[in-house]
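J.: Protein sequence lines correspond, in order, to chains G and A.
Per our numbering, residue 1300 is the first one in the first sequence, and the count goes up by one each step.
Per our numbering, residue 3 is the first one in the second sequence, and the count goes up by one each step.
Think of the CB as a built atom: it goes at the ideal place given N, C-alpha and C, for glycine as much as any other residue.
Sharing a structure with you now.
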Amino acid sequence: MRRVVSDTLVIAERNLVRLPRAPELLLAFTVQPIMFVLLFRYVFGGAIKTPGFSYADFLIPGIIVQNIAFGGFVTALGLNEDLHKGLIDRFRSLPMARPAVLAGRTLADVVTNGLSAAILVITGLMIGFSFHTSVPEAIGGFVLLLLFGYAFSWVFAFLGMLVSTPEAANSVGFIAVFPLTFISSAFVPVHSMPAVLRAFAEVNPFTITVDAMRSLWLGAPAGNNVWGAVVWATAIILVFAPAAVARYRRAAGQ
Amino acid sequence: MPIDPEPSPMPAAGAPGGAFVDRSAEAAVSVRGLAKSYGSVRALVSIDLDVAPGTVLGLLGPNGAGKTTIIRILTTLLRADAGSARVAGLDVVRDAALLRERIGLAGQYAAVDENLTGLENLTMVGRLYGQPRAAAKRRGRELLERFDLLEAADRPTKTYSGGMRRRLDLAAALVAEPPVLFLDEPTSGLDPRSRLQLWETIERLVADGTTVLLTTQYLDEADRLAGEIAVIDHGRVIAGGSPDELKDRVGGERLEIHLDEAARAELAVEALASMSDGSPTVEGDRVTVGVQLRGGAIVEAVRRLDRAGVGVQDIALRRPTLDDVFMALTGHAAAPTEDDQEQAA
């Protein structure tokens, strides 16, 4: 167990050290989310009615959840690249803990996700977003956010070990996750959607998590959303982490 | 597998004196009846191999022959369908975790993180072998110095040349001073100078007692490095022995002649037949003649062809290649096969 922790930290360090040296990735963490916030706030914002909230307040928790779910993309791309460049073979031939390569990756994502969430919140504060709750609740929101991001990192870790090329990881991940994030309460109130979509949106973990964020940051009625979001994130980790590690063990680089 | 009544508790690798005892008992690598299929493709049919401690065994064969599959099984990356394999005294399946501490692997693709510096790469590998950070760093510097990479220690490896990357990859395989080293086509894609450097490095390692199992597509590489060669084709060992034994089976050098007109090939064969130790072969406008003696072969051939009135475009002496080995052993060329992808990554 001690080896799992220390090997995981070695791999996490590796992924963080290399980050500033891959500027295109850094761009994805910083500039891209800011661009989306500005586009939504100023292009769509005027046309979307969000009773009870200003659009800036409504938007920030939504877009931040969407952004953090995609944070794990780096994991899918990075793992797939490692697979192709023979690094996974090297790791698997070393006497290191088996889950460490994936656990280190996903752990590094938590740091980059935190960075990108902070950038989004600061951007939000500049365009009119504000916290309406106590400090512990706001911090609780951040923790939930990172947990949700961590869960999706494992989804992407599984995807990265599954598909044959980084390009495939990119398109499969995008096609699978993008609609999930949009058919939710992230950008518009779900009652504005057609019945079928609304039914889906209401059980969508994105909706539950976004609503939980709105209650933790804006004081919206919480219902069971916070617990619901924690359960979803935990369930996703429990399913995808073992699945991803199993793929890693068998990864034969075919 | 031959019975070893009292398996020694310590790995035999690196132990001196292995040459005069039963090799299968003391071998650093011992493989019996190894088989592996990918779906319906039989990558390995049945492989037996022994490598004595402190020696080099070269696995020679074309792409898709099964060389990489053997390496992957012996380095615990892949599980065989049948057969057994012991490396450094340990079973590759039962003792996999322990075995990983005693082997080093350098692959076809230089497996280093290109966004990390040379030193960071080696330090990372050292720490994953369980070394403390400071010790891993010290060992990393030591290896960089030995591999002539110290100047580039703090540069991301994406700025390295192909040869530098291969050397770093090999250095990474040596971090834990493994008694048994696996090298999968260590020099493919390298320029001649880098190749020579890498060969010299491997030779030094062997001189220090490391056992090496390497795969290659190049006869000259196997010739230079390996004390023993196993020729692999379609998942079988089709020939084995020292490089000299193997070359005797292949024959001497070949004279390759491109004619002005393919139509004159018959005349050329007639003129050259008595020079050859076999019968000349014709492929379009190309005539190939096996010759025993290098000296004067070209001049003699040109003279004969001139006398016969056959025009020559080009004429050259060629050393036996892998293709010639395969021609001699199997009657078919060492052409890449469809299961090339088995070699990928």
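#1: Check the DSSP bridge columns for S48/A and list the partner residues they point to.
#2: If I measure Cβ to Cβ from L176/A and keep anything under 8 Å in the same chain, skipping five residues before and after, which residues do I get?
#3: Tell me, please, whether the segment 106-126 of chain A touches the segment 152-161 of chain A by the rule of three or more beta-carbon pairs shorter than 8 Å.
#4: Taking C-alpha atoms, which residue in D316/A, S42/A, A232/A lies nearest to T217/A?
#5: Would you kindly check if the distance between the Cβ of A84/A and the Cβ of L101/A is under 8 Å?
#6: DSSP three-state call for G1472/G: helix, strand or coil?
#7: Suppose you measure from the CA of T57/A to the CA of A1399/G; what does that come to, to the nearest Å?
#8: Taking the CB atoms as reference points, tell me whether P1504/G and I1418/G lie closer together than 8 Å.
#9: Between the Cα of V1367/G and those of T1405/G, R1302/G, L1378/G, spot the shortest distance and give me the residue it belongs to.
#10: For a contact meaning CB atoms closer than 9 Å, what does L118/A contact in chain G?
#11: Under 9 Å between beta-carbons, which chain G residues line up against M329/A? List them in chain order, please.
#12: Kindly indicate which three-state DSSP category L176/A falls into: helix, strand or coil?
#13: Below 9 Å between beta carbons is the criterion; list the residues of the segment 217-235 of chain A that meet it against any residue of chain G, in chain order.
#14: Are F1339/G and L1517/G close, meaning C-beta to C-beta below 8 Å?
#15: In the DSSP output, which residue or residues are listed as bridge partners for V1410/G?
#16: Shorter than 8 Å from the beta carbon of R102/A to some beta carbon of chain G?
#17: If distances are taken between C-alpha atoms only, which option among R1389/G, S1484/G, M1492/G comes closest to I1363/G?
#18: Let me confirm a value: I1507/G is counted as buried when at least 16 other C-beta atoms fall within 10 Å, else exposed. Which label applies?
#19: Can we say the segment 1387-1396 of chain G touches the segment 1467-1474 of chain G, given the rule of at least three CB pairs closer than 8 Å?
#20: Per DSSP, which one or two residues make a beta bridge with R320/A?
#21: Just to check my reading of the structure: L36/A and A99/A have Cβ atoms closer than 8 Å, yes? What is that Cβ distance to the nearest angstrom?
#22: L227/A and I204/A: beta carbons closer than 8 Å?
#23: Distance cutoff 8 Å, beta carbons only. Does R1389/G sit that close to anything in chain A?
#24: In the DSSP assignment, find the unbroken alpha helix (DSSP H) run with L1318/G in it and report its ends.
#25: When the Cα of D316/A is compared with those of T212/A, H260/A, L130/A, which residue comes out closest?
#26: State the Cα-Cα distance for the pair S281/A and V291/A, rounded to the nearest angstrom.
#27: Under 8 Å, do L331/A and A241/A count as touching if we go by C-beta distance?
#28: Below 7 Å on C-beta distance, what does V94/A contact in chain G?
#29: Anything in the segment 45-65 of chain A with a Cβ closer than 7 Å to a Cβ of chain G? List those residues in chain order, please.
#30: Is the separation between the beta-carbon of L172/A and that of A108/A shorter than 8 Å?
T.: The short version:
#1: Taking the second sequence and counting its residues from 1, the one referred to as residue 48/A is at position 46. Per DSSP, R238/A.
#2: As a working note, residue 176/A is residue 174 in the second sequence. Only G106, L145, L183, L207 meet the Cβ criterion.
#3: yes
#4: Indexing the second sequence from 1 puts residue 217/A at position 215. The candidate whose alpha carbon is nearest that of T217/A is A232/A.
#5: By one-based count along the second sequence, residue 101/A stands at place 99. By one-based count along the second sequence, residue 84/A stands at place 82. Cβ atoms of L101/A and A84/A: not closer than 8 Å.
#6: For the purposes of this step, residue 1472/G is identified with residue 173 of the first sequence, where counting begins at 1. In this structure, G1472/G counts as helix in the three-state DSSP scheme.
#7: Translated into positions along the second sequence, residue 57/A becomes position 55. Translated into positions along the first sequence, residue 1399/G becomes position 100. Approximately 34 Å between the Cα atoms of the pair.
#8: Taking the first residue of the first sequence as 1, we reach residue 1504/G at position 205. Taking the first residue of the first sequence as 1, we reach residue 1418/G at position 119. It is not a contact, given that the beta carbons lie outside the stated cut-off.
#9: By 1-based counting over the first sequence, the position of residue 1367/G is 68. The sequence shown places Ile at residue 1367/G, rather than the Val named in the question. Nearest option by C-alpha distance: T1405/G.
#10: Counting from 1 along the second sequence, the entry for residue 118/A is found at position 116. Those are R1313, V1316, R1317, R1320, listed as they occur along chain G.
#11: Taking the first residue of the second sequence as position 1, residue 329/A is located at position 327. Within chain G, no residue comes near M329/A; the closest Cβ sits about 31 Å away, beyond 9 Å.
#12: Walking along the second sequence from the start, residue 176/A turns up at place 174. If DSSP states are grouped into helix, strand and coil, L176/A belongs with coil.
#13: none
#14: If you number the first sequence from 1, residue 1339/G lands on position 40. If you number the first sequence from 1, residue 1517/G lands on position 218. No, they are not a contact pair.
#15: Here residue 1410/G refers to the residue found at position 111 of the first sequence. DSSP, once it has assigned bridges, lists no residue as partnering V1410/G.
#16: Position 100 of the second sequence, counting from 1, holds the residue named residue 102/A. So, interface residue.
#17: Position 64 of the first sequence holds residue 1363/G. Cα-wise, what sits closest to I1363/G is S1484/G.
#18: For the purposes of this step, residue 1507/G is taken as residue 208 along the first sequence, with counting starting at 1. Flag for I1507/G reads buried.
#19: no
#20: Taking the second sequence and counting its residues from 1, the one referred to as residue 320/A is at position 318. DSSP output for R320/A lists R256/A as bridge partner(s).
#21: By 1-based counting over the second sequence, the position of residue 36/A is 34. By 1-based counting over the second sequence, the position of residue 99/A is 97. With 8 Å as the limit, L36/A and A99/A do not qualify as a contact, their Cβ atoms being about 20 Å apart.
#22: Here residue 227/A refers to the residue found at position 225 of the second sequence. Here residue 204/A refers to the residue found at position 202 of the second sequence. Yes, Cβ-Cβ distance for L227/A and I204/A is below 8 Å.
#23: Mapped onto the first sequence, residue 1389/G falls at position 90. Taking Cβ atoms only, chain A reaches closer than 8 Å to R1389/G, which makes this a yes.
#24: Here residue 1318/G refers to the residue found at position 19 of the first sequence. Taken as a continuous stretch (DSSP letters only), L1318/G belongs to no alpha helix (DSSP H), as it is neither H nor E.
#25: The residue labelled residue 316/A in the question sits at position 314 within the second sequence. With distances taken between Cα atoms, D316/A lies closest to H260/A.
#26: Position 279 of the second sequence holds residue 281/A. Position 289 of the second sequence holds residue 291/A. In a straight line, the C-alpha of S281/A is about 7 Å away from that of V291/A.
#27: Counted from its first residue, the second sequence places residue 331/A at position 329. Counted from its first residue, the second sequence places residue 241/A at position 239. Result yes, Cβ atoms of L331/A and A241/A sit closer than 8 Å.
#28: Working through the second sequence from its first residue, we reach residue 94/A at position 92. The contacting residues do not exist; V94/A stays about 11 Å from chain G at best.
#29: none
#30: Position 170 of the second sequence, counted from the start, is the residue given in the question as residue 172/A. Position 106 of the second sequence, counted from the start, is the residue given in the question as residue 108/A. Contact flag set, yes.
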